[in-house]
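Each protein sequence line maps, in turn, to chains A and B. Read in order, the letters of the first sequence are residues 304 to 849 in the numbering used here. Read in order, the letters of the second sequence are residues 22 to 652 in the numbering used here. Ideal Cβ positions, reconstructed from N, Cα and C, are used throughout, including at glycine. Contents: one structure, followed by commentary.
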Amino acid sequence: MASDTPSMGASKRTSATSGLRNSQTARPVSPHTPQPRSGNHSFASSTSPGSSFRGEDDAIIFEIGARWLRAGFEGGSAPMCVVGFGPEDSRRAGDYRGWIQGSTGAGRLPQPVDIEEWTRAYELWRPDSREVDLSLVEDKIERAFRETYNQFLLTDAGTSRLVLVLPSLMPHPLLSSLLSTLFSRWRFPSVTLLSSATMSATAAGLRSALVVDLGWAETTATAIYEYREMTTKRTTRSMKHLMQEMGLLLTGLASDGNQNTETADKISVGFAYCEEVVSRFAWCKSQTEKDKDTSSDEPDRKLSIPSPAKPEEEYMDVPFSRLAEPVEKVLFAPGVAEHELDDEEKSLPLLVYNTLLSLYPDARGTCMSRIVFVGGGSRIPGLRQRVLKEVSLLIDRHGWSPIRGKALERQRQRLEELKLSAQKASKEPETPKSNGETPSTDDEAADPSKAVPEIDFVEQKLRRQNKDIPVPIQGVLREVESLGPWAGASLTTSLKIRGMVEIEREKFLQHGLAGATRDVDYPVPDRRSGLRSGGDRSSWTLVGWA
Amino acid sequence: MSRPFPYTYISCPCADTPVPDPARKRRSRESPQKSPQKPPPERANTDQDKKLSAKEEEQGEDEDEEQTFDPRSPRSNFSLYPPEQLLYCEECHQIKCPRCITEEIVSWYCPSCLFETPSSMVRSDGNRCGRNCFNCPVCTAPLAVSTIENATGNAPQQGPWVLSCGYCLWTTLDIGIKFDKPTNIRSQLQKMTDSTPPAALDRSRQASRTFEDLKHPLSSYASIDEQSNARERDGEQAAPKEDQGAPPMGMDARFAALKNFYRTQISETSNSPNDHLSSEFGFSSPGALNRLMSLYASSSRLSGLYGGSKKPKSKPPVMREALTASEGLQVASENSETDMIARLQSPECGWDGMASIDQRATQSPDARFIDDLLPLPVLLRTKRAKRCKSCKHILVKPESKPQSTRFRIRLIALSYIPLPTLRPLAPSSSSALPAMAPTSDLNSLPPLRPIHILLTLKNHMFDPVRITLATPPVTPGRVATKVTVLSPQFEIGANSDVWDEALQGASAPLTSDSRSAALRGVPEAGKVWDKGRNWTTVVLEVVPGTLPGSSAEGGDGNPNTETNDEDVLAVAASRQDEDVLEIPVFVHMDWDADAQLDQQNVGKGSKPDDKVTRELAYWMVLGVGRIQPSL
Chain A
304 MASDTPSMGA SKRTSATSGL RNSQTARPVS PHTPQPRSGN HSFASSTSPG SSFRGEDDAI
364 IFEIGARWLR AGFEGGSAPM CVVGFGPEDS RRAGDYRGWI QGSTGAGRLP QPVDIEEWTR
424 AYELWRPDSR EVDLSLVEDK IERAFRETYN QFLLTDAGTS RLVLVLPSLM PHPLLSSLLS
484 TLFSRWRFPS VTLLSSATMS ATAAGLRSAL VVDLGWAETT ATAIYEYREM TTKRTTRSMK
544 HLMQEMGLLL TGLASDGNQN TETADKISVG FAYCEEVVSR FAWCKSQTEK DKDTSSDEPD
604 RKLSIPSPAK PEEEYMDVPF SRLAEPVEKV LFAPGVAEHE LDDEEKSLPL LVYNTLLSLY
664 PDARGTCMSR IVFVGGGSRI PGLRQRVLKE VSLLIDRHGW SPIRGKALER QRQRLEELKL
724 SAQKASKEPE TPKSNGETPS TDDEAADPSK AVPEIDFVEQ KLRRQNKDIP VPIQGVLREV
784 ESLGPWAGAS LTTSLKIRGM VEIEREKFLQ HGLAGATRDV DYPVPDRRSG LRSGGDRSSW
844 TLVGWA
Chain B
22 MSRPFPYTYI SCPCADTPVP DPARKRRSRE SPQKSPQKPP PERANTDQDK KLSAKEEEQG
82 EDEDEEQTFD PRSPRSNFSL YPPEQLLYCE ECHQIKCPRC ITEEIVSWYC PSCLFETPSS
142 MVRSDGNRCG RNCFNCPVCT APLAVSTIEN ATGNAPQQGP WVLSCGYCLW TTLDIGIKFD
202 KPTNIRSQLQ KMTDSTPPAA LDRSRQASRT FEDLKHPLSS YASIDEQSNA RERDGEQAAP
262 KEDQGAPPMG MDARFAALKN FYRTQISETS NSPNDHLSSE FGFSSPGALN RLMSLYASSS
322 RLSGLYGGSK KPKSKPPVMR EALTASEGLQ VASENSETDM IARLQSPECG WDGMASIDQR
382 ATQSPDARFI DDLLPLPVLL RTKRAKRCKS CKHILVKPES KPQSTRFRIR LIALSYIPLP
442 TLRPLAPSSS SALPAMAPTS DLNSLPPLRP IHILLTLKNH MFDPVRITLA TPPVTPGRVA
502 TKVTVLSPQF EIGANSDVWD EALQGASAPL TSDSRSAALR GVPEAGKVWD KGRNWTTVVL
562 EVVPGTLPGS SAEGGDGNPN TETNDEDVLA VAASRQDEDV LEIPVFVHMD WDADAQLDQQ
622 NVGKGSKPDD KVTRELAYWM VLGVGRIQPS L
């Protein structure tokens with residue numbers, strides 16, 4: 304088994320060239336045809352005839368998150384299948400209770416459970432790897448991959464290259480578990496890792512973007528400039544909390560308010576039912592809480608949803624606006640001052656604003672007009688507009704200055720008084736200068752959304768030189784739709800662009816993750832096209848994942 | 022509880038070999054499981070007197086805890102299989118489960134029309150049936166092609182045609198789709214769904230890849246030409262106009278646009294003549310073409326291709342981002358989401374107007390309402406050959422024809438390992454044990470009442486087999502059930518010809534003896550309960566434990582503590598299936614096999630007449646029943 308694997312890897316890697324050679328040597332002119340072909344031939348015959356030429360070059364792309372797995376072939380615009388990790392998927396073989404009794408979580412739970420326990424069975428892993436039983440994760444991954452191949456991909460597992468789309472921050476034990484499961488279970492010649500944020504930007508047609516990923520365990524905002532991840536900020540305000548909050552809301556509706564205190568933070572509705580409600584009817588008010596008049600002019604509609612107490616039998620009327628409450632509460636944290644929030648639980652608008660703030664002005668201007676929302680939460684209607692609105696409010700309020708507070712206000716007032724008393728004659732051009740004295744330097748100059756584009760002769764000259772290149776939009780808050788990380792990876796792979804992190808089977812099996820070079824000065828591939836400049840790669844790296 | 026009681030499961034030994042990770046060698050398993058090679062330390066316990074005090078047993082259990090297979094651990098769900106689903110490798114002499122085999126696809130077929138799909142067509146059809154087989158997007162029942170006109174006379178039916186679901190009465194009319202012909206519905210549907218986005222780009226999703234690849238150098242070159250022309254003509258003004266004018270594209274159209282755009286960009290930017298790399302890769306052909314063209318026509322409008330820079334040699338052109346909708350950029354529109362919220366609120370939408378998660382999983386990611394759902398072509402299925410993962414020997418090879426259910430090779434484990442069956446021993450009238458509970462209902466076993474279970478192992482091999490059974494004295498988990506195998510070591514006869522039994526008079530005394538044993542009706546330690554030609558039955562004595570928090574805990578059911586039944590129920594339900602009584606049993610079997618075709622084994626365990634001793638060991642889980650919460 305170990306002896307023939309290198310030949311397999313080699314034949315994959317040089318498939319383009321060897322194919323060329325074969326076609327040349329296969330001509331009747333050359334009498335020495337059998338020798339070069341023999342190696343290839345024996346390899347081909349070891350697999351079934353149908354599969355050897357099918358999918359020879361097409362990489363298979365998997366996107367794995369804590370809740371879902373998406374899989375498909377390169378070049379496809381959408382994944383072939385989306386598979387969840389629920390309790391139904393970890394039943395024993397031959398256990399058909401899910402089909403007999405209806406899946407778990409559809410009905411009401413027999414007993415209220417803790418909100419953390421409630422979600423646990425539905426997630427593959429948690430970001431805190433101390434709480435994760437890695438061997439169980441391996442079992443689940445193995446089964447999910449096997450069934451995906453057998454049911455949806457319909458191709459032999461392990462014959463073609465595998466591309467994994469992963470979040471750029473992934474605990475090493477998890478990554479190691481994932482890779483060793485894949486490599487030891489199947490004979491993938493190599494696994495390429497692609498960062499989901501960059502792929503989302505690619506799938507939007509962008510080179511720089513602020514990718515806001517509303518994921519399960521956390522929401523991340525990643526600033527990408529020219530395909531590089533500049534900075535990532537994260538918050539725990541995410542879909543998991545939203546689900547828990549909706550579960551509490553539905554529990555409250557089910558018990559009609561006569562809930563005793565000991566079960567106050569426990570959920571008694573089924574997870575699957577709650578997820579249905581979230582996926583169908585979670586929405587977000589487009590107005591911030593300040594303009595309250597919206598509720599008066601619009602009559603609050605009642606919506607008939609299956610009753611949380613007995614989802615399979617009865618329906619129940621719920622005011623439509625109540626279904627927006629969890630989104631509001633979890634993702635926007637209304638009524639909580641910014642300083643009361645911990646660093647890891649900033650609201651979404653603050654997260655976006657802070658990420659933009661931490662960028663250099665150039666990158667900030669570019670990224671703020673290329674905001675991309677991905678992840679499950681981006682499907683909630685109204686959410687994206689709301690975030691953008693609140694971010695623009697924040698920009699209006701604070702500008703691009705990280706410094707604020709009472710002391711600053713006082714100091715500014717004092718300075719203004721000083722200034723007013725000192726030079727009353729010249730009024731208007733002084734404001735920028737006063738800002739220059741405080742550490743919050745370019746309050747207006749660096750705020751590209753408000754500033755009039757000033758005439759810069761270098762810019763003008765550049766523009767004159769390449770007239771036919773359109774000016775990129777900059778400095779305006781703008782949202783760009785993305786096809787999602789999976790489609791981005793499919794796009795990238797189908798263009799034959801190789802990833803920076805390409806883990807070859809043999810090398811991984813020898814050393815595991817520890818075999819990755821931690822060399823910071825890893826030779827960067829050709830930047831223009833993302834091509835590798837070198838021929839063979841003697842070592843491999845885990846660039847972003849190291 | 023996963024099947025009706027009583028049931029048996031077998032744990033594949035491959036669960037004990039952890040995933041080898043070189044970087045993680047020191048990581049200890051959370052719940053290490055017994056390796057089958059070592060003899061189980063509990064074996065001694067099983068022979069012991071069952072009247073051991075509970076404390077001693079608990080101590081013994083503590084020692085052995087690490088070694089015992091725990092059917093309750095979440096991991097065990099992934100290694101337990103019903104015996105009939107397991108395979109057996111004759112080379113490795115080991116049980117093989119779906120985790121330790123590799124699969125190879127023999128043929129692809131549609132489960133609905135049973136037509137085989139040639140492998141070259143599978144991918145281009147998107148792994149789905151390319152004919153008229155569709156599933157209902159709402160309820161997944163198969164759809165039928167029917168005409169809208171009421172078929173009254175015998176005249177040939179006339180279109181238009183629709184697909185209709187016989188179960189939920191959904192038809193394609195609900196989403197406004199009618200077909201002109203009753204045949205080739207898939208391509209008709211494809212045309213309809215694809216025609217909505219602008220037709221400027223090639224959206225040859227169903228076109229085979231080879232055709233696309235053949236075509237692409239030319240087509241991308243043409244698009245470069247187009248683009249540069251357009252840029253020259255109306256430069257920047259094109260962008261806003263296109264953005265507003267074009268309706269939002271579908272996923273496929275956008276993807277194709279983006280791909281086209283990137284391909285153009287790559288070919289534009291990688292035009293440096295010394296770019297030797299480009300010859301190795303697929304996108305190189307337009308680049309190579311460009312390079313040649315630029316050699317001959319350096320001055321003309323072709324130079325506009327390279328970003329219009331004056332000195333392309335010194336300054337390489339830079340890739341840019343997508344700028345227009347035709348390049349795949351899509352700026353989010355302001356009001357689409359408010360429209361959607363309004364639609365959510367509208368009374369005609371409601372709960373049933375929205376697609377559920379299950380329905381959406383198979384549809385395009387944009388689908389949200391019931392109206393967005395399209396009929397689903399039936400997903401193809403495969404016939405797969407299975408090989409042993411370690412020695413690559415074929416274990417299963419089906420015939421490739423979809424209509425045939427026959428197999429060329431099929432090595433199922435049940436022809437090698439004894440088939441375990443379980444049944445409660447009905448108390449006989451002459452029962453000497455008054456404490457024996459009536460074992461009528463396995464779904465409510467009274468705790469602390471001993472019951473007897475008959476475990477029958479049936480041999481399918483042509484060699485007699487020696488079996489050793491071992492159980493932990495107390496089942497793992499919170500419900501401590503005492504288990505004793507009354508006769509843990511026994512033999513099972515060979516699966517000889519049925520006539521042998523009748524013809525050989527020698528076996529008569531044995532059968533008569535067993536009959537008498539059955540009549541006696543009192544299980545005794547160390548004695549086999551019953552025995553036949555190729556099967557043996559032994560007795561397990563089981564004392565179900567009490568559920569945690571149960572009234573019976575800690576003593577033999579005080580009659581005055583039966584009040585908190587509901588609490589007990591709640592506790593039992595809090596951990597699902599905790600009240601299910603499952604007994605892990607370690608099975609060790611050895612037998613003398615013919616050493617034919619197997620030279621290397623002859624050396625070590627050979628018997629005079631070319632016999633080899635083989636052994637096999639695995640864990641088995643017996644699902645006995647559900648324990649009653651109270652006495």
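Assess contact between the segment 381 to 390 of chain B and the segment 422 to 441 of chain A, defined as three or more Cβ pairs (one per stretch) separated by less than 8 angstroms. Is contact present? no
Could you please give me the residues that DSSP links to B/K479 through a beta bridge? B/L440 and B/W556
For A/R316, decide whether its Cβ has a neighbour in chain B, counting only Cβ atoms nearer than 8 angstroms. Residue confidence for A/R316 is low, a pLDDT of 37 falling below 50, so the modelled location carries little weight; the figure read from the coordinates is stated next. By this cut-off, A/R316 is not an interface position.
Separation of A/L545 from A/L485, as counted between CA atoms: A straight line joining the alpha-carbon of A/L485 with that of A/L545 spans about 32 angstroms.
Looking only at DSSP bridge pairs, what is A/D620 linked to? A/S607
Per DSSP, which one or two residues make a beta bridge with A/I418? Beta-bridge pairing links A/I418 to no other residue.
I'd like the list of long-range same chain contacts for A/L517, defined as Cβ closer than 6 angstroms, with 5 residues on each side in sequence excluded. These residues qualify, in order along the chain: G678, G680 and S681.
In chain B, what lies closer than 9 angstroms to A/E805 by C-beta? Here the premise fails: no neighbours, minimum Cβ distance about 15 angstroms.
Within chain B, the residues that A/F623 reaches when beta carbons sit closer than 7 angstroms: Q366
Could you tell me which of B/V159, B/S185 and B/C160 sits nearest to B/I169, measuring between CA atoms? B/S185
In three-state DSSP terms, what is A/G387? strand
Based on Cα-Cα distance, which residue from A/I800, A/A504, A/S704 and A/Q590 lies nearest to A/T495? A/I800
Beta-bridge pairing of B/A638 - partner residues as DSSP gives them: B/H609
Does A/R510 have its Cβ less than 8 angstroms from a Cβ in chain B? yes
Would you check if the segment 556 to 563 of chain B and the segment 497 to 510 of chain B touch, i.e. whether three or more CB-CB distances between them fall below 8 angstroms? These segments touch.
What whole-angstrom Cβ distance do B/P445 and B/I472 have, given they're in contact under 8 angstroms? 6 angstroms
Taking the alpha carbon of B/F136 as the reference point, which residue from B/E124, B/E599, B/W556 and B/N153 has its own alpha carbon closest? B/N153
Tell me, please, which residues DSSP counts as bridged to B/D615. B/K632
At a CB distance below 9 angstroms, what residues from the segment 129 to 156 of chain B approach chain A? Give them in sequence order. W129, P139, S140, S141, V143, R144, G147 and N148
Any beta carbon from chain B within less than 8 angstroms of A/D759's own beta carbon? Residue contact with chain B for A/D759: absent (no Cβ-Cβ distance below 8 angstroms to any residue of chain B).
Using the beta-carbon of each residue, which ones in chain B are nearer than 7 angstroms to A/D442? R96 and F99
Taking 8 angstroms as the CB-CB cut-off, is B/L401 touching chain A? yes
Does A/M383 get closer than 8 angstroms to chain B when you measure Cβ to Cβ? For A/M383, a Cβ of chain B is located within less than 8 angstroms of the residue's own Cβ.
Beta-carbon spacing of A/I683, A/C577 below 8 angstroms: no
Quick one: what does DSSP say A/R370 is sitting in, helix, strand or coil? coil
Boundaries (first-last residue) of the beta strand (DSSP E) holding A/D516: The continuous beta strand (DSSP E) containing A/D516 extends over residues A512 to L517.
Rounded C-alpha distance that separates A/A409 from A/T422: 14 angstroms
Please identify the residue among B/G553, B/F511 and B/S32 whose C-alpha is closest to the C-alpha of B/A546. B/F511
Taking CB distances under 8 angstroms as the criterion, tell me whether A/M502 reaches chain B. no
Taking all protein chains shown into account, do 16 or more other C-beta atoms lie within 10 angstroms of the C-beta of B/N555, making it buried, or fewer, making it exposed? Result: buried.
Chain B residues whose Cβ lies nearer than 9 angstroms to that of A/T495: Within 9 angstroms Cβ-Cβ: nothing; A/T495 doesn't reach chain B, min ~15 angstroms.
Cβ closer than 7 angstroms: which chain B residues qualify as neighbours of A/D645? Under the 7 angstroms cutoff, chain B gives no residues; its nearest Cβ is about 30 angstroms from A/D645.
So, helix, strand or coil for B/K503, using DSSP? Correct three-state label for B/K503: strand.
For the 8 angstroms Cβ check, are there 3 or more pairs between the segment 493 to 511 of chain A and the segment 667 to 678 of chain A? A contact between stretches requires three or more CB pairs, one per stretch, nearer than 8 angstroms, and the segment 493 to 511 of chain A meets this requirement with the segment 667 to 678 of chain A.
Just reading off the beta strand (DSSP E) that B/C186 is part of, what are its end residues? W182 to C186
Could you say which of B/M482, B/L432 and B/D91 lies nearest to B/E105 if we only look at CA atoms? The shortest CA-to-CA distance from B/E105 to any of B/M482, B/L432 and B/D91 is the one to B/L432.
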